[in-house]
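Below is one structure, written out as structure tokens; the observations come after it.
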Amino acid sequence: MLAIEREQKILDYLTEHHVASTQYLCDLTNSSLATVRRDLKSLADRKLLIRTHGGAQGIELSDVTNESYNQSTIFSCYAKDPQYMYKNSIAQKAVEFIQSNDTIFIGAGVTCNLLCQHLSNSNLENVMVVTTNVTAVSELVRSPHITTFLLGGTVHLGTNHIETLDDYTIQSLNKLFFDKAFFTVDGIDLNNGYSIINHAQLPLYNYLLSNTKEIYLLANQGKYDKRTFTHLCSLDTISNVITNSDCNSNYMKYYQEHHVTVYTA
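Quick note on UniProt numbering: the sequence shown kicks off at 1 and runs consecutively.
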């Protein structure tokens with residue numbers, strides 16, 4: 001079992017059961033005591049769990065109080081997302097495709113939030129980020145080498161992000177062109193293509209598809225074999241996909257046959 005799979009299994013268990021002994025986590029992941037201890041140290045260092053004597057404890061959303069609030073704390077709450085480890089690895093991989101002096105668009109959602117966090121921590125310089133992602137702006141502004149342009153519009157509260165989105169947002173995009181765009185979708189299906197839940201995002205994504213040199217779809221494994229409310233485009237419309245290494249083989253075959261470049265994290 002890969003480290004990312006062990007860590008995700010540990011986080012999933014703590015999300016449901018809150019606490020676990022180190023020995024139990026060894027049995028759960030079929031790993032040695034030394035391996036699990038390394039995993040727990042790595043997760044604790046990233047503030048994704050709390051180490052206890054002889055085990056570990058999950059981080060509860062209620063642990064985030066006004067007194068203890070900071071930027072790393074709000075991002076650590078994403079550990080409650082069962083797909084967190086997969087999304088985070090994709091976000092880390094995505095930074096590899098951003099270069100100094102790029103003008104890019106980054107969408108909303110947990111994976112995009114994490115991408116902004118990793119980008120802010122990178123050594124890249126003179127990067128212009130245009131976004132609707134209110135949640136991630138506080139990450140981007142930490143870096144003096146990133147210029148952040150937040151598109152205006154009505155503020156929408158999603159399940160894991162805050163986004164600006166309406167007709168004014170699309171008007172603000174007019175005459176803006178991007179080197180690269182990074183965004184996610186809500187559903188990926190072999191027969192029905194890419195789909196999104198929020199119909200209001202459709203004009204935004206259609207604009208990006210027409211006015212961006214390179215599109216990168218960030219697709220964690222939880223998005224596959226799903227069809228949601230609004231059809232966005234066929235699977236061969238977006239030429240670059242960043243996904244997890246254990247992506248369903250049927251999709252990998254489709255991407256290969258339709259000349260879609262797949263990068264695995």
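Note that the Cβ used here is the ideal one computed from N, Cα and C, for glycine as well.
Quick one: what does DSSP say residue i is sitting in, helix, strand or coil?
{"i": "Asn88", "result": "helix"}
{"i": "His258", "result": "coil"}
{"i": "Thr230", "result": "strand"}
{"i": "Val127", "result": "strand"}
{"i": "Gln57", "result": "strand"}
{"i": "Ala136", "result": "helix"}
{"i": "Ile162", "result": "strand"}
{"i": "Tyr69", "result": "In this prediction, Tyr69 scores a pLDDT of 39, lower than 50, which makes its location untrustworthy; no coordinate-derived value is stated."}
{"i": "Leu150", "result": "strand"}
{"i": "Thr103", "result": "strand"}
{"i": "Val141", "result": "coil"}
For the alpha helix (DSSP H) holding residue i, just list the boundary residues, first then last.
{"i": "Gln117", "result": "110-120"}
{"i": "Lys9", "result": "3-17"}
{"i": "Asp39", "result": "33-45"}
{"i": "Ser210", "result": "202-210"}
{"i": "Leu49", "result": "Segment 49-52 is the beta strand (DSSP E) holding Leu49; no alpha helix (DSSP H) there."}
{"i": "Asp246", "result": "Taken as a continuous stretch (DSSP letters only), Asp246 belongs to no alpha helix (DSSP H), as it is neither H nor E."}
Just to confirm the assignment, what range does the beta strand (DSSP E) spanning residue i have?
{"i": "Lys175", "result": "Note, Lys175: premise wrong, no beta strand (DSSP E); not H, not E."}
{"i": "Asn220", "result": "Taken as a continuous stretch (DSSP letters only), Asn220 belongs to no beta strand (DSSP E), as it is neither H nor E."}
{"i": "Asp189", "result": "187-189"}
{"i": "Ile196", "result": "193-196"}
Only counting the same chain, and skipping five residues up and downstream in sequence, which positions put a Cβ closer than 8 angstroms to that of residue i?
{"i": "Ala56", "result": "Ile10, Leu14, Val19, Ala20, Thr22, Leu25, Leu40, Leu43, Ala44, Leu49, Ile50"}
{"i": "Asp12", "result": "Pro82"}
{"i": "Glu16", "result": "none"}
{"i": "His258", "result": "Leu235, Asp236"}
{"i": "Leu176", "result": "Val130, Asn211"}
Can you list, in chain order, the residues of its chain with a C-beta nearer than 7 angstroms to that of residue i? Leave out the 5 residues immediately preceding and following it.
{"i": "Ile4", "result": "Met85, Ser89"}
{"i": "Asp102", "result": "Val127, Asp179, Lys180"}
{"i": "Ser249", "result": "none"}
{"i": "Leu2", "result": "none"}
{"i": "Ser68", "result": "Its pLDDT being 41, under 50, Ser68 is placed unreliably in this model, and the coordinates cannot settle the point."}
{"i": "Leu28", "result": "Lys9, Tyr13"}
{"i": "Glu163", "result": "Ala108, Thr132, Asn133, Val134, His156"}
{"i": "Ser72", "result": "Bear in mind that the predicted position of Ser72 carries a pLDDT of just 49, short of 50, making it unreliable; the figure below should be weighed with that in mind. Answer for Ser72: Lys47, listed in chain order."}
{"i": "Asp63", "result": "Confidence at Asp63 is low in this model, with a pLDDT of 48, below 50, so its placement is unreliable and no value can be given for it."}
Per DSSP, what are the beta-bridge partners of residue i in this structure?
{"i": "residue 266", "result": "An answer regarding residue 266 cannot be provided, because it is not within the stretch 1 to 265 covered by the chain."}
{"i": "His156", "result": "Glu163"}
{"i": "residue 266", "result": "This structure does not reach residue 266, given that the chain is present from 1 up to 265, and the question cannot be answered."}
{"i": "Phe97", "result": "Note: Phe97 sits in no beta bridge, so no partner."}
Excluding sequence positions up to five away, which residues of its chain have a Cβ less than 6 angstroms from the Cβ of residue i?
{"i": "Asp225", "result": "none"}
{"i": "Leu140", "result": "Cys116, Ser120, Val129, Ile146, Thr148"}
{"i": "Ile197", "result": "Asp186, Thr228, Phe229"}
{"i": "Leu217", "result": "Ile238, Val241"}
{"i": "Asn70", "result": "At Asn70, the pLDDT of 47 sits below 50, so the modelled position is not reliable; the number obtained from the coordinates is stated separately. Once the five neighbours on either side are set aside, Asn70 has no close Cβ partner at all."}
> If you pair each beta-carbon of the region 200-214 with each one of the region 226-238, do three or more pairs fall below 8 angstroms?
Replying inline: Contact holds: three or more Cβ-Cβ distances are below 8 angstroms.
> Do three or more CB pairs link the region 157-172 to the region 94-104 at distances below 8 angstroms?
Replying inline: No, they do not touch.
> Do the region 212-227 and the region 82-91 touch if we need at least three Cβ pairs shorter than 8 angstroms?
Replying inline: At 8 angstroms Cβ cutoff, the stretches touch.
> If we count Cβ pairs, one from each stretch, closer than 8 angstroms, do we get three or more for the region 136-154 versus the region 178-198?
Replying inline: Verdict: no, contact absent.
> For the 8 angstroms Cβ check, are there 3 or more pairs between the region 29-37 and the region 110-117?
Replying inline: By the Cβ rule, the region 29-37 does not count as touching the region 110-117, because fewer than three pairs are nearer than 8 angstroms.
>> If contact is defined by three or more beta carbon pairs under 8 angstroms, each pair taking one atom from either stretch, is the region 207-219 in contact with the region 234-244?
In response: As far as the Cβ criterion goes, the region 234-244 touches the region 207-219, which means the pair count is three or higher.
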